[in-house]
Amino acid sequence: MRDGQARAIHLQDYRAPDFRVERVALDVDLYEDHAIVRATLAMQRSGAADAPCRLDGVGLTLEQLQLDGADWPSTHYHYDGEVLTLEGVPDRFVLATVVRLAPQLNTELEGLYRSNGMFCTQCEAEGFRRITFYPDRPDVLSRFVTTVRADAVRYPVLLSNGNPIAQGEEGGRHWVTWEDPFPKPSYLFALVAGDLSCQEDRYVTGSGREVALRLYAEPQDLDKLDHAMASLKASMLWDEQAYGREYDLDIYMIVAVSHFNMGAMENKGLNIFNTSCVLAHPKTTTDAGFQRVESVIAHEYFHNWSGNRVTCRDWFQLSLKEGFTVFRDQCFSADMNSAAVKRIEDVDMLRAHQFPEDQGPMAHPVRPQSYQKIDNFYTLTIYEKGAEIVRMLHTLLGADDFRRGSDLYFERFDGQAVTTDDFVACMAEVSGRDLAQFKRWYSQAGTPQVTVSGELEGGRYRLSVHQQTPPTPGQPDKQPLLIPLRLALLDGAGHHLPLNAQGDTELLLELTEPQQQWEFALPPGVERVVPSLLRGFSAPVMLAGEDSEAALRHLLTHDDDGFCRWDAAQRLYRAAILRLVDATGRAAEEAAQLAPAMKAVLAGAGEDAAAAALLLALPSATQLADSLPEFDIAAVQQAHDALAAALGHALATDWWQVLERWAPVGEYQPVAADIGARALYQQAASYLAATAQPEIGDVMVRRFAEADNMTDQLGALRLLVHERLQGADAALADFARQWQHEPLVMDQWFGVQASAPWQTAAGIEALLEDARFDWATPNRVRSVLGQFSNANAVAFHRADGSGYRLFASALQRLDQLNPQMAARLAGACGRLGRLPAVQQHALREALQQLVRQPLSGNLDEVLTRILA
Ligand code: TRP
Ligand code: ZN
Numbered sequence: 001m002r003d004g005q006a007r008a009i010h011l012q013d014y015r016a017p018d019f020r021v022e023r024v025a026l027d028v029d030l031y032e033d034h035a036i037v038r039a040t041l042a043m044q045r046s047g048a049a050d051a052p053c054r055l056d057g058v059g060l061t062l063e064q065l066q067l068d069g070a071d072w073p074s075t076h077y078h079y080d081g082e083v084l085t086l087e088g089v090p091d092r093f094v095l096a097t098v099v100r101l102a103p104q105l106n107t108e109l110e111g112l113y114r115s116n117g118m119f120c121t122q123c124e125a126e127g128f129r130r131i132t133f134y135p136d137r138p139d140v141l142s143r144f145v146t147t148v149r150a151d152a153v154r155y156p157v158l159l160s161n162g163n164p165i166a167q168g169e170e171g172g173r174h175w176v177t178w179e180d181p182f183p184k185p186s187y188l189f190a191l192v193a194g195d196l197s198c199q200e201d202r203y204v205t206g207s208g209r210e211v212a213l214r215l216y217a218e219p220q221d222l223d224k225l226d227h228a229m230a231s232l233k234a235s236m237l238w239d240e241q242a243y244g245r246e247y248d249l250d251i252y253m254i255v256a257v258s259h260f261n262m263g264a265m266e267n268k269g270l271n272i273f274n275t276s277c278v279l280a281h282p283k284t285t286t287d288a289g290f291q292r293v294e295s296v297i298a299h300e301y302f303h304n305w306s307g308n309r310v311t312c313r314d315w316f317q318l319s320l321k322e323g324f325t326v327f328r329d330q331c332f333s334a335d336m337n338s339a340a341v342k343r344i345e346d347v348d349m350l351r352a353h354q355f356p357e358d359q360g361p362m363a364h365p366v367r368p369q370s371y372q373k374i375d376n377f378y379t380l381t382i383y384e385k386g387a388e389i390v391r392m393l394h395t396l397l398g399a400d401d402f403r404r405g406s407d408l409y410f411e412r413f414d415g416q417a418v419t420t421d422d423f424v425a426c427m428a429e430v431s432g433r434d435l436a437q438f439k440r441w442y443s444q445a446g447t448p449q450v451t452v453s454g455e456l457e458g459g460r461y462r463l464s465v466h467q468q469t470p471p472t473p474g475q476p477d478k479q480p481l482l483i484p485l486r487l488a489l490l491d492g493a494g495h496h497l498p499l500n501a502q503g504d505t506e507l508l509l510e511l512t513e514p515q516q517q518w519e520f521a522l523p524p525g526v527e528r529v530v531p532s533l534l535r536g537f538s539a540p541v542m543l544a545g546e547d548s549e550a551a552l553r554h555l556l557t558h559d560d561d562g563f564c565r566w567d568a569a570q571r572l573y574r575a576a577i578l579r580l581v582d583a584t585g586r587a588a589e590e591a592a593q594l595a596p597a598m599k600a601v602l603a604g605a606g607e608d609a610a611a612a613a614l615l616l617a618l619p620s621a622t623q624l625a626d627s628l629p630e631f632d633i634a635a636v637q638q639a640h641d642a643l644a645a646a647l648g649h650a651l652a653t654d655w656w657q658v659l660e661r662w663a664p665v666g667e668y669q670p671v672a673a674d675i676g677a678r679a680l681y682q683q684a685a686s687y688l689a690a691t692a693q694p695e696i697g698d699v700m701v702r703r704f705a706e707a708d709n710m711t712d713q714l715g716a717l718r719l720l721v722h723e724r725l726q727g728a729d730a731a732l733a734d735f736a737r738q739w740q741h742e743p744l745v746m747d748q749w750f751g752v753q754a755s756a757p758w759q760t761a762a763g764i765e766a767l768l769e770d771a772r773f774d775w776a777t778p779n780r781v782r783s784v785l786g787q788f789s790n791a792n793a794v795a796f797h798r799a800d801g802s803g804y805r806l807f808a809s810a811l812q813r814l815d816q817l818n819p820q821m822a823a824r825l826a827g828a829c830g831r832l833g834r835l836p837a838v839q840q841h842a843l844r845e846a847l848q849q850l851v852r853q854p855l856s857g858n859l860d861e862v863l864t865r866i867l868a
């Protein structure tokens, strides 16, 4: 290992801090080849009288250290490169340090670094210690005053958290002092210096306070900020209406940065965003991109309360802010667009990505017990499963009690650093419910498997439900969970049956035991009952039922729950594809079987094109392979593609009709109805493309050339390239020429190629060697290595092992520059234990070879877990 003392941190070792910081004054002096950080900390002892004062500081060059205005003797302190220990300090003192940094050499993108000529910071989770000596933990909250100094011409814009209170200029350099009135943990600190353009607007809060909204980007991107601004205003209004939460500072700033490890960061009053999550323009951004911007803007804004005003006691509580905030942004997006479509998209994502994580070597509870590198725990489990847990509380308590619980939480813990237990306690208190069993969702890893069977007998319907959670690393034995199961029963005509004496047609069952039964008395004459289970995906579980094809067809036709309808379609497709795994020759028969139901969906598509597109989409081969004991992607992909082609032929007339009826008309708008129309068009085109008939190639070439927006243009390019239709190469070349000056679009150009199912290791290597590729830009790295390893399972898992070898050597190279990114990408190897023997052997060999190299602690932790 290169840098990692592979030391695990344990939740049970949590101790309150020995010292608090009452006030912080930072003075950051920025130069081309270095930066000087002067920090003045008013420290106060809060723990044992004899405890030394320990401050975090990683890789800092200490130039001066003073206590209460006098040099502190070197015999009384010790710095080991990670911790500065001061011995014999008084209970109250003012510590002044001066450190020297080299931001221009920082490729890890953590702490203070440069991106396209600007300076910016990323402090979550533990980046502040790379800027100055500090108790860098979220339960130390302090008031910050920050002065930023830099060359006046190169860096006209100087920003930090809060409000500007002073500024000046002398000798070609200038400075601005910012004051943040709210005590905050160091992970929420930020500063920016650069030559940035600004789009400004204002928002008046419900109580009449005026807030200046400033979005900063590089000058050439100033025309891509309208959507973010509109999304921000909508988020501010939504949080007032849905949660009674107003914004609390006079200024809200967002800065777009090209080099960023994640999506965005909620620094108090000064969010920093990956350009991919804030910039949007019809010409350069797809519908999915527009929706991503809307949801990430909302997510970071909502953190102002769920995360900043009430923060986390320690990083084991990360889901306290992330799970809750994801739930909040999901509800916001549901309100802004189609709620049913949003729910399906979120569930699909959870099942495609979080479920495998929860079944693999990285499986961990939503509140982990231990970690080595906290960066490795910004996972789908913390974020998405965490959001499902909050959603279940909402489901169990109902909207009113949930709101009273969140009000109580924000009031009681405002300005504090707290735990997920504190959050649940508020929900228990307002509802009078005992949530002790429910809390196992936070401590127990793994996806629960729920098995259901129903019996109709003597005018009664009996539902038997069984739950079981498989073992995960370090947790062999699992306890039963409280699982909310939303249920309806449909009769033979597709009507809801009454489920109790009050005539309710939907019930929330609470499964608490390993095995439970419910009985429903049916009205006379009922001969058929089809259960509609887990409505709205009421719990993050894997549901197995009897799933007769007839029952699934019945649900697809009649169920009024959007999720259940879609899930019924998914199960039908799944069964068909799995039957084809050993018999691809039967694809035409399977397609003929499915055709009537799909035609019915198409006939009703006028009501909701987006929902229709989802109902017509096959589950990915990766997801299907994940649901089988062995991850045999080659076989499943072949069956999947055979069915897609057969459906392309069987419904050819219908698909061509879709292309006519849903062809783009009028000016591009990223609104739900139009997005749905484009999604349906793309779905139909993809079935036709799967047949590889020349006609669809011609149509796609034309669509590519005539598109006035990125959704249509990229949709056409993707089908041309992935299906290797005539004209694909010319389109790729045209695209690169047209968009050479738009990095986010060029990311798509790389991504389309890296995710093509015919891609080879040599092809990926060529992309990595392309002059336009850049190892130091995470978005570009993700567009090649992320797409290849995560969105192109057939190519990545090719039996000759060439994909693995290439990937391992790429990880090694990337790890030298950016350990967080390398570790995150390495997660794609988590299926190791479930691969067929040949692949398993090849991947293990490649990874074992890799761990013998000097690696970062981040990458080492992930690889060690995978190889264990
Ligand atoms: N708190 C951020 C969010 O979810 C996540 C984040 C941004 C992050 N940058 C990071 C986490 C760097 C770890 C490291 O909104
Ligand atoms: Zn977040």
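Reminder that position 395 of the sequence shown reads as 395 in the UniProt record's numbering, one-by-one numbering, no gaps.
Cβ coordinates follow ideal geometry from the N, Cα and C atoms, glycine included.
Using 9 angstroms as the threshold, is the C-beta distance between residue i and residue j below it?
i           : j           : result
residue 253 : residue 216 : yes
residue 89  : residue 67  : yes
residue 609 : residue 680 : yes
residue 458 : residue 429 : no
residue 144 : residue 160 : yes
residue 82  : residue 57  : yes
residue 785 : residue 825 : yes
residue 30  : residue 39  : no
residue 191 : residue 124 : no
residue 856 : residue 823 : yes
With H, G and I counted as helix, E and B as strand and the rest as coil, what does DSSP make of residue i?
i           : result
residue 696 : helix
residue 270 : strand
residue 286 : coil
residue 564 : helix
residue 164 : strand
residue 74  : helix
residue 29  : strand
residue 44  : strand
residue 606 : coil
residue 19  : strand
residue 627 : coil
residue 718 : helix
residue 146 : strand
residue 724 : coil
residue 217 : strand
residue 123 : coil
residue 195 : coil
Taking 8 angstroms as the cut-off, is the beta-carbon of residue i closer than that to any non-hydrogen atom of the ligand ZN?
i           : result
residue 321 : yes
residue 326 : yes
residue 266 : yes
residue 667 : no
residue 300 : yes
Do residue i and the ligand TRP come close, with the Cβ less than 8 angstroms from some heavy atom?
i           : result
residue 383 : yes
residue 122 : yes
residue 161 : no
residue 654 : no
residue 110 : yes
residue 346 : no
residue 372 : no
Along the chain, where does the alpha helix (DSSP H) that runs through residue i open and close?
i           : result
residue 789 : 787–790
residue 796 : 793–796
residue 60  : Per DSSP, residue 60 belongs to no alpha helix (DSSP H) and is neither H nor E.
residue 443 : 440–443
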